[in-house]
Amino acid sequence: MNITLDYHSNLVLTAIQAEDQPALYQLMDEVYRSGYRYIWEDQGDWYVNLIYNRHTLYKDLKRPTSHYFFVELGGEKIGILKYDFPLSPRELEIPNAMKLHRLYLHPEVHGKGIARILMDHCEKIAKENDLNSMWLEVMECQPQAKRFYEKCGFEPLLSYQLDFERIFPPYRGIEIWKKSLH
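Under the UniProt record's numbering, residues 1 to 182 are what the sequence shown spells out, in order.
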């Protein structure tokens, strides 16, 4: 399934399939590490291997609440988008909500408005499905991401510490942010 988001720039979402795992891994090995290498003792090896391995992808694809896409620009894979609904965080109740689970773009396309188009798409999907809100998790050490989410109408709700031992302790802080849709 392909979803065209912007005809002018050929921005398309392409549903990720099980057989795409090697391409997903290769893309995220580069994209994830470009922004998060510095927080990990192993430069992100453990996390990339955990999240983008074949088994994890198959589990993600089997969940009926999960929607997982490559973000393509002019036919080139430049990132991923994953959202889940309905889904509430474990840490607090956010009923009838969409989780923006993964939004990663290659650094070469940062600042071009692509993330905003993706956020608008997610909000449109959430509203079409009569959801009350959207939520996400953002690392405290990512101020540019936090500024972007704030511009998109999200507000912080809760901070907590990740228990990933391979993350350097000063970088374990993560926050849950929410945007009401009504």
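Just so it is clear, CB atoms sit at the ideal spot from N, CA and C, and this is done for glycine as well.
Taking the alpha carbon of isoleucine 16 as the reference point, which residue from Tyr171, Gly113, Ile39 and Tyr52 has its own alpha carbon closest? The residue labelled residue 16 in the question sits at position 16 within the sequence shown. Looking at the Cα atoms, Tyr52 is the closest of the given residues.
First through last residue of the beta strand (DSSP E) which encompasses phenylalanine 148: Sequence index remark: in the sequence shown, residue 148 carries index 148 (1-based). That residue, phenylalanine 148, is in no beta strand (DSSP E); its alpha helix (DSSP H) goes 143-151.
For aspartate 60, is the classification buried or exposed, using 16 other Cβ atoms within 10 angstroms of its Cβ as the cut-off for buried? Within the sequence shown, the letter at position 60 stands for residue 60. Residue environment: aspartate 60 is assigned as buried (16 or more neighbouring CB atoms within 10 Å of its CB, all protein chains considered).
What did DSSP end up calling glycine 113 once you bin it into helix, strand or coil? Here the question's residue 113 lines up with position 113 in the sequence shown. DSSP places glycine 113 in coil when its eight states are reduced to three.
Thinking C-beta only, is leucine 50 closer than 8 Å to residue 185? Past the edges of the chain, shown from 1 to 182, lies residue 185, and the structure says nothing about it.
Have a look at leucine 162 and glycine 173 and give me their C-alpha separation to the nearest angstrom. Here the question's residue 162 lines up with position 162 in the sequence shown. Here the question's residue 173 lines up with position 173 in the sequence shown. C-alpha separation (whole angstroms): 6 Å.
Could you tell me if alanine 115 is buried or exposed, where buried requires 16 or more neighbouring beta carbons within 10 angstroms of its beta carbon? Along the sequence shown, read from residue 1 onward, the residue named residue 115 stands at position 115. Buried, since its Cβ has 16 or more Cβ neighbours within 10 Å.
If we ignore side chains and look at the alpha-carbon of each, how far apart do glycine 44 and glutamate 140 end up? Taking the sequence shown and counting its residues from 1, the one referred to as residue 44 is at position 44. Taking the sequence shown and counting its residues from 1, the one referred to as residue 140 is at position 140. Distance between the alpha carbons of glycine 44 and glutamate 140: 17 Å.
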